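Numbering (our numbering), first residue to last: 390 to 490.
C-beta: ideal position from N, C-alpha, C; glycine also.
These numbers were taken from a predicted model, which means no experiment stands behind them.
Below is one structure, written out as structure tokens; the observations come after it.
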Amino acid sequence: AHDDEEAAMKFPTTCPSCGASTDTDMCVMNIPHFKEVIIMSLACETCGYKSNEVKGGGEIASHGTKIKLRAETTRDMSRGVVKSDTSCVAIPEIDFELKES
390 AHDDEEAAMK
400 FPTTCPSCGA
410 STDTDMCVMN
420 IPHFKEVIIM
430 SLACETCGYK
440 SNEVKGGGEI
450 ASHGTKIKLR
460 AETTRDMSRG
470 VVKSDTSCVA
480 IPEIDFELKE
490 S
């Protein structure tokens, strides 16, 4: 990681729920086999509102990557999945498909 990556930046903002002044934390990370992402987090101390966002950053790859995971145990199903806006997740065994969004 570069020195400027993974270091959280803080900037003032307004809570979208109550309008109070608060801060948003932002961090740029490079996820291996994925791409650079921007993670933003807001936690309002006045009303308790919380928000977390992950946005794609950097270049769009010229070619995609296909990753297959065979879930054989309950623990296998406890994985977090980060997908790009242009990717698809499919579980054919249960006729499930999450398309681009």
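- DSSP, read as helix, strand or coil, puts Ile480 in strand.
- The continuous beta strand (DSSP E) containing Glu425 extends over residues 425 to 432.
- Taken through DSSP and simplified to helix, strand or coil, Asp474 comes out as coil.
- For Cys416, the pairing in a beta bridge is given by DSSP as Ile428.
- Judged by DSSP in its simplified three-state form, Ser451 adopts coil rather than helix or strand.
- Nearest to Ala397 by C-alpha distance, out of Ile420, Met415, Glu489, Pro481, is Met415.
- Under the 10 Å beta carbon count, Thr411 is surrounded by 16 or more other beta carbons and is classified as buried.
- Taken through DSSP and simplified to helix, strand or coil, Ser467 comes out as helix.
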